[in-house]
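Everything below concerns the one structure shown next.
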Amino acid sequence: MHLTQTSAAPVAIASPTAESLSRSHLSHDRSTKEHHMVMTFQDFNEWSPQGPVTELSVEHCWNLLKATNIGRLGLSVDNQPEIFPVNYIADGSSVVFRTARGTKLRELLINDSVVFEVDEQLENGAWSVTLKGTADVLGPEIPDPVYDDETLPQWAPTAEYLYVRITPRDIRGRQFEHQLRLIVPES
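The opening position of the sequence shown corresponds to residue 25 in this note's numbering, with each subsequent residue numbered one higher.
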């Protein structure tokens, strides 16, 4: 790949690859059988796949988990991946949520290995925390007075909720910045 200077902005011209040949912004000159892709560099206030990405400490991950209350529970349902939104509380060593009897609970009793994710988009970026761990069904009794209707509100009325605690084996977090220089295909 080499850069050529134009009056508008620097332009990168790339030799063809299998990937670039399938892209819609590929130009093809049938007479010479030459393939090339033209990309321009522009400054945009958009999300960028180019980074930068900052790895977060475990302590920072727990602080972010404690600051929010809606996450996504990933588990296997009939040997297929599924994701369920849940409201939760994080205490610094585990995540607790409650659920009614149904698909989530049935599958947690079969396979207690789960992934849990929370994220937030901010003005200048975003962050994401993912933990992998084991889910333990605690039962209908409130495991701690902190987990009441005010701190863990019901999403749907049901006769009985069961509490579930996720104990992590691994916790990872990343912070992403945007407002970066993007490489954009030329139209």
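Note that the Cβ used here is the ideal one computed from N, Cα and C, for glycine as well.
Hey, would you say valine 161 sits closer than 7 Å to phenylalanine 140, going by beta carbons? By 1-based counting over the sequence shown, the position of residue 161 is 137. By 1-based counting over the sequence shown, the position of residue 140 is 116. No, they are not a contact pair.
Is arginine 122 helix, strand or coil when you go by DSSP? Locating residue 122 in the sequence shown gives position 98, where the first residue counts as 1. Three-state DSSP puts arginine 122 in a strand.
Threonine 92 (DSSP reduced to helix, strand or coil): In the sequence shown, residue 92 corresponds to position 68, counting from 1. In the three-state DSSP reduction, threonine 92 falls in the coil class, being neither helix nor strand.
Going by Cα to Cα distance, which pick from Ile190, Glu79, Val153 and Ser152 is closest to leucine 129? As a first step, residue 129 must be located in the sequence shown, where it is residue number 105. The residue with the shortest Cα to Cα distance from leucine 129 is Ile190.
Could you pull out every residue in the same chain whose Cβ sits closer than 8 Å to the Cβ of glutamine 104, ignoring the five residues on either side in sequence? By one-based count along the sequence shown, residue 104 stands at place 80. So no residue of the chain qualifies.
When you compare each of Ser137, Tyr112 and Asp115 to threonine 158 by their alpha carbons, which one comes out closest? In the sequence shown, the residue the question calls residue 158 occupies position 134. Taking only the C-alpha atoms, the option nearest threonine 158 is Ser137.
Would serine 117 be called buried (16 or more neighbouring beta carbons within 10 Å of its own) or exposed? As a first step, residue 117 is located in the sequence shown; it is residue number 93 there, counting from the start. Using a 10 angstroms sphere on the CB of serine 117, the tally of other CB atoms stays under 16, which defines it as exposed.
Could you tell me whether the Cβ atoms of valine 110 and leucine 97 are closer together than 7 Å? Start at 1 with the first residue of the sequence shown, and residue 110 comes out as number 86. Start at 1 with the first residue of the sequence shown, and residue 97 comes out as number 73. It is a contact, given that the beta carbons lie within the stated cut-off.
Tell me whether glutamate 184 sits in a helix, a strand or coil according to DSSP, three-state version. Here residue 184 refers to the residue found at position 160 when the sequence shown is read from its first residue. Here glutamate 184 sits in coil by DSSP.
Would you mind reading off the limits of the alpha helix (DSSP H) that contains glutamate 131? Here residue 131 corresponds to residue number 107 of the sequence shown, with the count starting at 1. Per DSSP, glutamate 131 belongs to the alpha helix (DSSP H) from 127-134.
Need the endpoints of the beta strand (DSSP E) that proline 76 sits in, please. Residue 76 sits at position 52 when you count from the first residue of the sequence shown. Unbroken run through proline 76: none, as it is neither H nor E.
Taking only three categories from DSSP, how would you classify asparagine 111? In the sequence shown, residue 111 corresponds to position 87, counting from 1. Reduced to three states, the DSSP call for asparagine 111 is strand.
One question on the structure: do leucine 88 and valine 153 come within less than 7 Å of each other, judged by their Cβ atoms? As a working mapping, residue 88 is identified with position 64 in the sequence shown. As a working mapping, residue 153 is identified with position 129 in the sequence shown. With contacts defined by Cβ atoms closer than 7 Å, leucine 88 and valine 153 form a contacting pair.
Quick one: Cα of cysteine 85 to Cα of glutamate 144, how far? Position 61 of the sequence shown, counting from 1, holds the residue named residue 85. Position 120 of the sequence shown, counting from 1, holds the residue named residue 144. Glutamate 144 has its alpha-carbon roughly 12 Å from the corresponding atom of cysteine 85.
Out of Asp194, Ile113 and Ile94, point me to the one whose CA is closest to isoleucine 107's CA. To locate residue 107, count along the sequence shown from 1; it is residue 83. Nearest neighbour of isoleucine 107 by Cα position, chosen from Asp194, Ile113 and Ile94, turns out to be Ile94.
Measure from the alpha carbon of leucine 155 to the alpha carbon of each residue in Glu83, Pro192 and Gln199, then state which is nearest. Mapped onto the sequence shown, residue 155 falls at position 131. Residue Pro192 is the option with its Cα nearest to leucine 155.
Drop a sphere of 10 angstroms on the beta-carbon of threonine 78, count the other beta-carbons inside from all chains shown, and report buried for 16 or more, exposed for fewer. Sequence index remark: in the sequence shown, residue 78 carries index 54 (1-based). With fewer than 16 other Cβ atoms within 10 Å, it is exposed.
In this structure, how does DSSP classify glutamate 83 when only helix, strand and coil are distinguished? Locating residue 83 in the sequence shown gives position 59, counting from the first residue. Look at glutamate 83 here: in three-state DSSP terms it is helix.
To the nearest angstrom, report how far apart arginine 196 and threonine 127 are at their CA atoms. Counting from one through the sequence shown, the residue named residue 196 turns up at place 172. Counting from one through the sequence shown, the residue named residue 127 turns up at place 103. About 27 Å.
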